[in-house]
Each structure stands twice: as C-alpha cells, then as structure tokens.
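Engineer: Below is one structure. I have some questions about it.
Numbering (this note's numbering), first residue to last: 8 to 308.
Right, here's the structure in full:
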C-alpha cells in the first residue's frame, strides 16, 4: 500500500510540471505573436511614401553625394590631420631640451676646432691662449669675473689691440675695436669671431653658473676656440665638443713655479694685530668678505 501511494504522488507531480511547461510555452508563443504584430505595424510605417521615379531620383542624389562630397571630406580631414601632426612636431622640436647643441644652428654650420689648455694655476695656459687671441682680426675673451675681463681689456688696449669691455656692471666701447673682453654670461652667440678664449672652463660644473660656460661652448660662432682650466673639466668638455661634431685638441701644462707651504705662519694668532705685516710683494692673501679685506688692511698698519 505504501508503494502504491508513493507512485500516485509521483504521477501527480509529473502532471503538475507538465501543465506548468505547457502554460509557459503558450505564454511564450503568445508573446512572440505580439512582437511579430508590432514589427509588422512598424514595417508598414516605414514603407516608402514615394513612387518609383522619386526613389530613383533620390538614389541618384545619394550616389552623387557619395562620389563628390565624401572624397572631398576625406581629403580635408587628411590635410587637417597632416597640419596637426606638423604643428605638433614643430612644437615638440622647439620645446625639446634634450639636445641643447641643436639650439645654436649657426654654430653647427662650421666644423669648429676646440683646443683645451689644461693644467694647474700659474702654468701659462691662459697666457698661451691670449697670445693666439692677439693675432685675431675679430676676437673674444670670456671669463668668470669682471676683474679678469678688465685685466684682458687693459692689457690688449695697452698693446695697441683695441678691445671693448662688456660686463654686468659696465660697458666700455673703443673706436675700431677688434676684440671683446666680457664676463661669461654676456658671451655673444650672434657674432662671428676668428678666435675665442673661454677661461676657467672647470666652472662648467658649477650648480649656479655652469650653464653660462655650457652656453658659450655650444653657441659661440668661431672656427677656433681655446678653453682654459683645470684638467677635471677635460672629459666633459671633450664630450660636448664631440656631440657638436667639432674637433678636440688637448694641450697639457705644468706649473711654472713651485708652490710650497711655509714652515711658519704669519702669526701664532691669525687675528692678532699686525699679523699681516710680514706679507711680501707677490704674496696672495685670500679673503671671503669685504669686512675681512678691510680688517687685513688695517692689521698691516
């Protein structure tokens, strides 16, 4: 009896599931019919409202537009795109800071010769460069200090080589001048020279003023350039010269006079009165402020 009741329940469940499946299928068919009717109505609404002749005329207009207007539009877009690309390339080249040697186009027209005079202080390197400068029909000297520029200015003028002085503090113009003595920041890059002397080239590595030596080395317009300074700047200078496509020549110098440390100081106490009285002609006293300079002067009295 128990088995017969179980079979009866299972049969009823199957009938219920079958009934639900039939109802679901019926609903789906009904929904599909509704969708078909909607599509048929929409198709009737979209039917052409013009006759065959009008249809052919409109088709001809569309084909004409495709053959005439579309190619012109495509050409316009291509031209416009090309212009935008060219404008971007121009902007990119003008704002590219990775190739500073290309900023000075006139200087790149000539293959320059850069002669590096390297050696310690008082070795004659700057003297040799200035001797070559005296032979120039149009020459330029640039250095880090106004005093150095003024010294070259006075020396050359005293020897009959008319020279202008150009610094941040003053400007001295000599009639019929053939040379310029200037501080490094004022090195002209828009004039042509026969000989250029760039002094104290080792300061190219200075964090605040090094740019001025870089600018001068890259930008001066001259076929023969003499750079003077310590040997520590040799490799960087040579690298820049090679980058510009110029020739590099190295001339090394030895110190002309012996430099030695005195056995005894000027005084047991450097701040004692009169400690600088033993300073002899030719000695150099280095001070780092105006107050120290006046204090040293007073101590010699």
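Just so you know, even glycine gets a beta-carbon here, dropped at the ideal spot from N, CA and C.
Using the Cα positions of residue 166 and residue 159, report the straight-line distance between them to the nearest angstrom.
Structural biologist: Spanning the two alpha carbons is a distance of roughly 11 Å.
Engineer: From this set, 138, 218, 100, 300, which residue's C-alpha is nearest residue 162's C-alpha?
Structural biologist: Answer by Cα proximity: 138.
Engineer: For the alpha helix (DSSP H) that residue 82 lies in, which residues bound it at each end?
Structural biologist: Segment 59-101, the alpha helix (DSSP H) holding residue 82.
Engineer: Are residue 201 and residue 145 touching if we call contact CB-CB under 8 Å?
Structural biologist: Yes. Within cutoff.
Engineer: Going by DSSP in three states, residue 120 sits in which element: helix, strand or coil?
Structural biologist: Strand, per DSSP.
Engineer: Helix, strand or coil for residue 236? Go by DSSP, reduced to three states.
Structural biologist: Residue 236: strand per DSSP, three-state reduction.
Engineer: At the level of alpha carbons, what is the spacing between residue 213 and residue 195?
Structural biologist: Going by the C-alpha atoms only, they are around 21 Å apart.
Engineer: Rounding to the nearest angstrom, what Cα-Cα distance links residue 170 and residue 84 in this structure?
Structural biologist: Whole-angstrom Cα-Cα distance: 60 Å.
Engineer: When we look at the beta-carbon of residue 43 and count the other beta-carbons within 10 Å, is it buried (16 or more) or exposed?
Structural biologist: Classification for residue 43: exposed.
Engineer: What residue from 23, 260, 210 has the CA that sits closest to residue 150's CA?
Structural biologist: The residue with the shortest Cα to Cα distance from residue 150 is 210.
Engineer: Counting pairs of beta carbons, one from the segment 103-116 and one from the segment 220-229, are three or more of them closer than 8 Å?
Structural biologist: Yes, the segment 103-116 is in contact with the segment 220-229.
Engineer: Quick one: grab the DSSP three-state call for residue 138.
Structural biologist: Helix.
Engineer: Here's the rule: buried if 16 or more other CB atoms are within 10 angstroms of the residue's CB, otherwise exposed. What is residue 49?
Structural biologist: Classification for residue 49: exposed.
Engineer: Distance check for residue 88 and residue 239, CA to CA, integer angstroms please.
Structural biologist: For residue 239 and residue 88, the distance between alpha carbons rounds to 51 Å.
Engineer: What three-state label does DSSP hand residue 254 in the structure shown?
Structural biologist: The answer is strand: DSSP assigns residue 254 an E or B state.
Engineer: Report yes if the C-beta distance between residue 191 and residue 147 is below 8 Å; otherwise report no.
Structural biologist: No.
Engineer: Out of 154, 245, 306, 103, point me to the one whose CA is closest to residue 175's CA.
Structural biologist: Nearest C-alpha to residue 175: 154.
Engineer: Per DSSP, which one or two residues make a beta bridge with residue 148?
Structural biologist: Answer is 188, 204, bridged to residue 148.
Engineer: For residue 193, report the span of its beta strand (DSSP E) as first-last.
Structural biologist: Residue 193 -> no beta strand (DSSP E), and no H or E assigned at all.
Engineer: Tell me where the beta strand (DSSP E) around residue 171 begins and ends.
Structural biologist: Segment 170-173, the beta strand (DSSP E) holding residue 171.
Engineer: For residue 245, which of helix, strand or coil comes out of DSSP?
Structural biologist: If DSSP states are grouped into helix, strand and coil, residue 245 belongs with the helices.
Engineer: For the 8 Å Cβ check, are there 3 or more pairs between the segment 179-186 and the segment 232-248?
Structural biologist: Short answer: they don't touch.
Engineer: Could you tell me whether the Cβ atoms of residue 261 and residue 236 are closer together than 8 Å?
Structural biologist: Their beta carbons are not under 8 Å apart, which means residue 261 does not touch residue 236 by this criterion.
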